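Chemist: One structure is given below, represented as structure tokens, and several questions about it will come after.
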Amino acid sequence: MMMNERAMMLKKIQAACFALEDIKLFLDTHPNDRGALECYSKYQKIYEMLVKEFEEKYGALNAERVDTNKGWTWVNNPWPWEMEANS
Amino acid sequence: MWTYDKKLQYPVKIARTNPATAKIIMAQLGGPDGELAASQRYLSQRYAMPIKEVKGILTDIGTEEMAHMEIVSAIIHQLTRDMTPEEIKKAGFSEYFVNHTAGIWPSDATGVPFTSAYFQSKGDPITDLNEDLAADGTTA
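These protein sequence lines map, in sequence, to chains B and Z.
Number 73 in the numbering used here belongs to position 73 of the first sequence; there are no gaps in the numbering.
Number 1003 in the numbering used here belongs to position 3 of the second sequence; there are no gaps in the numbering.
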């Protein structure tokens, strides 16, 4: 099944976010691990870049970042649990 | 506080309606070792934790469990989409349906409602961590 462009971009964000999540948990108990800190920093940059690219096209993924010039896009479909957000 | 990111932690895309599977997966939402219990376990226990690293990890894991709750809810939502009366009966989903239709309501696989009796919070970090091992000793 072909994924729509929004879902494809979102999937990349989800992958980067997943990496950040796991490295975060490791860093909580290994706060001085240089390798993990570098890895976290690398994925922070990837994540920020992907989110910026996505949000310019499809609206904010977090209400704090809504561009009000475009109206209240926060409530726009699809919401995360809907098929359209994932396919 | 918490903020909401408008995305699932992992994508959920279920092509075919299957209420029989939804019924089983319900255990992972509102059952004894489900995601709701897990999230409330870690987030309640963290107040008794004196070590900063572990305050951090309890907060972060508890938060992630809420993201898992959303994934499991999305799975059940998509598995119960556009069910026919025949599908409901055949899947043994009638008992759930009569109370909640296709609404998401945290319970175990047999319909027992979620209860905080599923987890402990004793104000003692070692006791709480042992309880975590019993409840969440897998990687879920």
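Yeah, the Cβ is synthetic: ideal placement off N, Cα and C, and Gly gets one too.
Computed from a predicted structure; not experimentally measured.
1. Is the beta carbon of B:Met3 closer than 8 angstroms to that of B:Glu53?
2. For B:Asp28, name the three-state secondary structure that DSSP assigns.
3. Would you give the residue range spanned by the alpha helix (DSSP H) that Z:Phe1119 belongs to?
4. Find out if the Cβ-Cβ distance for the pair B:Leu20, B:Gln44 is shorter than 8 angstroms.
5. For Z:Ile1014 and Z:Ile1075, what's the separation of their Cα atoms in angstroms?
6. Using only the alpha-carbon positions, how far apart do Z:Gly1111 and B:Asn86 sit?
7. What does B:Thr29 reach in chain Z if we use C-beta pairs closer than 9 angstroms?
8. Label Z:Lys1052 either buried or exposed according to how many other C-beta atoms from any shown protein chain fall within 10 Å of its C-beta, with 16 as the threshold for buried.
9. For Z:Ala1008, return the contacting residues in chain B, with the cut-off set at a CB-CB distance below 8 angstroms.
10. Z:Asp1005 bridges to which residues according to DSSP?
11. Compare the C-alpha of Z:Phe1114 against each of Z:Thr1101, Z:Ser1121, Z:Pro1106 and name the closest.
12. Quick check: the Cα distance between Z:Glu1065 and Z:Glu1035, rounded to an integer number of angstroms?
13. Of the choices B:Trp72, B:Tyr40, B:Tyr58, B:Asp67, whose alpha-carbon is the least far from that of B:Cys17?
14. Tell me the DSSP secondary structure of B:Ser87 in three-state form.
15. Roughly how many angstroms separate the alpha carbons of B:Lys12 and Z:Ala1109, rounded to a whole number?
16. Under a three-way DSSP split, which group does Z:Pro1113 fall into?
17. With a threshold of 7 angstroms on Cβ separation, who are the neighbours of Z:Met1026 within its own chain once the five nearest residues in sequence on each side are excluded?
18. Go through its chain and collect everything with a Cβ distance to B:Met58's Cβ below 6 angstroms, but skip five positions before and after it.
19. Below 7 angstroms CB to CB, which residues in the same chain sit around Z:Ser1121 once its five sequence neighbours on both sides are set aside?
20. Does the Cβ-Cβ distance between Z:Lys1006 and B:Pro80 come in under 8 angstroms?
21. Give a yes or no on whether the minimum CB-CB distance between B:Lys70 and chain Z is below 8 angstroms.
22. Taking C-beta pairs closer than 8 angstroms, name the residues in chain B that Z:Val1012 reaches, listed in chain order.
Modeler: Result, derived from the coordinates:
1. no
2. B:Asp28: helix per DSSP, three-state reduction.
3. First-last for Z:Phe1119: undefined, no H or E at that position.
4. yes
5. 7 angstroms
6. 28 angstroms
7. Near B:Thr29 (Cβ distances below 9 angstroms), the residues of chain Z are Glu1053, Val1054, Gly1056, Ile1057.
8. Exposed, since its Cβ has fewer than 16 Cβ neighbours within 10 Å.
9. In the sequence under discussion, the amino acid at residue 1008 of chain Z is Leu, which differs from the Ala named in the question. Going along chain B in sequence order, the residues near Z:Leu1008 (Cβ under 8 angstroms) are Gln14, Pro80, Trp81, Ala85, Asn86.
10. Its beta-bridge partners are B:Asn62.
11. Z:Pro1106
12. The alpha-carbon of Z:Glu1065 is positioned some 6 angstroms away from that of Z:Glu1035.
13. B:Tyr40
14. Residue state for B:Ser87 is assigned as coil, using DSSP reduced to three classes.
15. 33 angstroms
16. strand
17. Ile1076, Ser1107, Asp1108, Ala1109
18. For the record, residue 58 of chain B in the displayed sequence is Tyr; it is not Met. The answer, listed in chain order, is Arg6.
19. Ser1044, Gln1045, Asp1128
20. yes
21. no
22. Trp81, Asn86
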